[in-house]
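**Student:** Starting off with a structure, shown below.
Numbering (my numbering), first residue to last: 8 to 102.
Structure representation (structure tokens):
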């Protein structure tokens, strides 16, 4: 998880990701990181820790790799305007 995801989740849910309980993490159903940065070093967006994620908005980011494979409940993915050159999106659902 990059620092932008961490900061967005901490701000939206008022929890410290580093010390959050499993229950607190499991309660995270929606994350909006849209247009948070143009930092090319933030090209990997890994949401593996959020197993109950239902809605994700990651539009207008410099994404090269988007990882949501541990998010079997993901129903909504907004990613228009993504600015990565060779984008690898892994939305497989872990069985």
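Glycine included, every Cβ here is placed at the ideal spot set by N, Cα and C. As the structure is a prediction and not an experimental result, all values here were calculated from the model.
Would you mind reading off the limits of the beta strand (DSSP E) that contains residue 2?
**Tutor:** Coverage of the chain is limited to positions 8 through 102, which leaves residue 2 absent and any answer about it impossible.
**Student:** So residue 37 packs on residue 61, CB below 8 Å; how close in whole Å?
**Tutor:** The residue given as residue 37 occupies position 30 in the chain shown. The residue given as residue 61 occupies position 54 in the chain shown. The Cβ separation is near 6 Å, so the contact holds.
**Student:** Spell out a yes or no on whether the region 32-50 and the region 59-74 are touching, meaning 3 or more CB-CB pairs, one atom from each, closer than 8 Å.
**Tutor:** Yes: at least three Cβ pairs fall under 8 Å.
**Student:** Looking only at its own chain, which residues have a Cβ that is under 8 Å from the Cβ of residue 18, when we skip the five neighbours before and after it?
**Tutor:** Within the chain shown, numbered from 1, the residue matching residue 18 stands at position 11. Same-chain partners within the cutoff: there are none.
**Student:** Does DSSP classify residue 12 as helix, strand or coil?
**Tutor:** Position 5 of the chain shown holds residue 12. Residue 12: helix per DSSP, three-state reduction.
**Student:** Since residue 52 is in the beta strand (DSSP E), which residue starts that stretch and which ends it?
**Tutor:** Within the chain shown, the letter at position 45 stands for residue 52. Run containing residue 52: 51-53, per the beta strand (DSSP E) assignment.
**Student:** Report the partner residues of residue 38 according to the DSSP bridge assignment.
**Tutor:** In the chain shown, counting from the first residue as 1, residue 38 sits at position 31. Residue 38 is bridged to 63.
**Student:** In the DSSP assignment, find the beta strand (DSSP E) that holds residue 74 and state where it starts and stops.
**Tutor:** Here residue 74 corresponds to residue number 67 of the chain shown, with the count starting at 1. Counting along the chain, the beta strand (DSSP E) containing residue 74 begins and ends at 72-74.
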